[in-house]
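Working notes, beginning with the structure itself.
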Amino acid sequence: MRVLRAMATGQRAMMLKDIAAAAGMAPSKAHRYLVSLIRSGLVEQDPANARYDLGPFALSMGLVALDRLDRIRLGQNTIAQLRDEVNETTALAVWGGDGPVIVRWERPRRPITVNVTTGTTGTTGTTLDLLSSGTGLVFAAWLPQQATAALLAREMTSERLPEALRSKQAVNALLERIRSQGYATTASYHYVPGVAGAAAPVFNVKNEISMALLTVGVQGMFDCSEDGAVVHALKRHARQLSERLGATLYAGEPISAVYPDLSLPG
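Under the numbering used here, the first residue of the sequence shown is numbered 4, with each subsequent residue one higher.
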């Protein structure tokens, strides 16, 4: 398993010495394992350059695992665990074409809570704004430009937004900062007055944003600071869920590198 894990995280065909180093074992020992793995179909070797890569049986196993993977079920379990840890309202959102849609949520065990509305993609009244919700900012930061440019341009004309966010340069700078820090927050200009929230992206096997985890609370009672327990827990659970869905960008590559050149046109 150490050999297979080393090859899977290597993201390319590898020489024996590199596999051995990544697996933390002597090359002679790694070679014995590789011979057995080749016989099983989990590994193959290119005779032209002697490099090893994952074999056809490993590919078949991966495809079967992806086919059986239920991202919403896994996300439901994650937001329940996050709720138990931070005791705040937590939710799961997916992209609905015209914006993020909350599909699951968990109520905290406290007397004053923030409830959220769930729906399916395309359901009227459940789509979140991009610039006035942490969830929207997360999708705006990591979705391809063509998916969000028109929505962002329309929202920038809203008088509900701070004056500082009504320009392309300001929005681009904000989204770049979100990609750098790995999460987004909103408070003073949240689309629901008196509510503060934080959200983090969840990536899939293609290292593309698949969902967003979010937690919301009453403004003034909700800690969404970078060093706070809520944000730390949110980012940790988002990372763990991403890895469960097959994302590999956390294995040494910064989260901002997924879409490093996104910006609004003009």
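Ideal Cβ positions, reconstructed from N, Cα and C, are used throughout, including at glycine.
Values in this document were obtained by computation on a predicted structure and should not be read as measured data.
Residue range of the beta strand (DSSP E) that residue i falls in?
| i | result |
| --- | --- |
| T188 | 187–189 |
| P2 | Residue 2 cannot be examined here, being either before or after the span of the chain that is shown, 4 to 269. |
| Y55 | 55–57 |
| P204 | 198–206 |
| Q48 | 46–48 |
Specify, as a first and last residue, the run of the alpha helix (DSSP H) that residue i falls within.
| i | result |
| --- | --- |
| S170 | Per DSSP, S170 belongs to no alpha helix (DSSP H) and is neither H nor E. |
| D21 | 19–26 |
| L37 | 30–43 |
| T93 | It is not in any alpha helix (DSSP H) - T93 instead sits in the beta strand (DSSP E) that spans 92–98. |
| D87 | 74–89 |
| E158 | 148–158 |
| T130 | From DSSP, T130 is part of no alpha helix (DSSP H); its letter is neither H nor E. |
| G13 | 5–13 |
| A51 | Looking at the DSSP string, A51 is not in any alpha helix (DSSP H), and its letter there is neither H nor E. |
Within a Cβ cutoff of 6 angstroms, which residues of the same chain sit near residue i, ignoring the five residues on either side of it in sequence?
| i | result |
| --- | --- |
| T151 | A143 |
| L45 | G58, F60, A61 |
| L154 | L133 |
| A202 | G137, T138, V141, A187, A215, L217 |
For a quick check, are the C-beta atoms of residue i and residue j less than 8 angstroms apart?
| i | j | result |
| --- | --- | --- |
| L177 | L168 | yes |
| L217 | A68 | no |
| T188 | S135 | no |
| A26 | R54 | no |
| M17 | M28 | no |
| L244 | G78 | yes |
| R74 | S213 | yes |
Cutting at 7 angstroms between CB atoms, please list the residues of its own chain near residue i, excluding the five before and the five after it.
| i | result |
| --- | --- |
| K32 | none |
| A250 | F206, N207, V208, N210 |
| I112 | Looking at the sequence provided, one finds Arg at residue 112 rather than Ile. Closer than 7 angstroms at the Cβ level, and outside the excluded window around R112, lie N90. |
| G220 | E91, T92, V117, A199 |
| R15 | none |
| R86 | T93, E109, P111 |
| V38 | none |
Excluding sequence positions up to five away, which residues of its chain have a Cβ less than 8 angstroms from the Cβ of residue i?
| i | result |
| --- | --- |
| E158 | D132, L133, L134, S135, L164 |
| N80 | none |
| E246 | Y253 |
Three or more C-beta pairs closer than 8 angstroms, one from the region 49–61 and one from the region 218–232: is that the case here? no
Entirely enclosed beta strand (DSSP E) segments - the region 209–262, minimum 3 residues: 212–221
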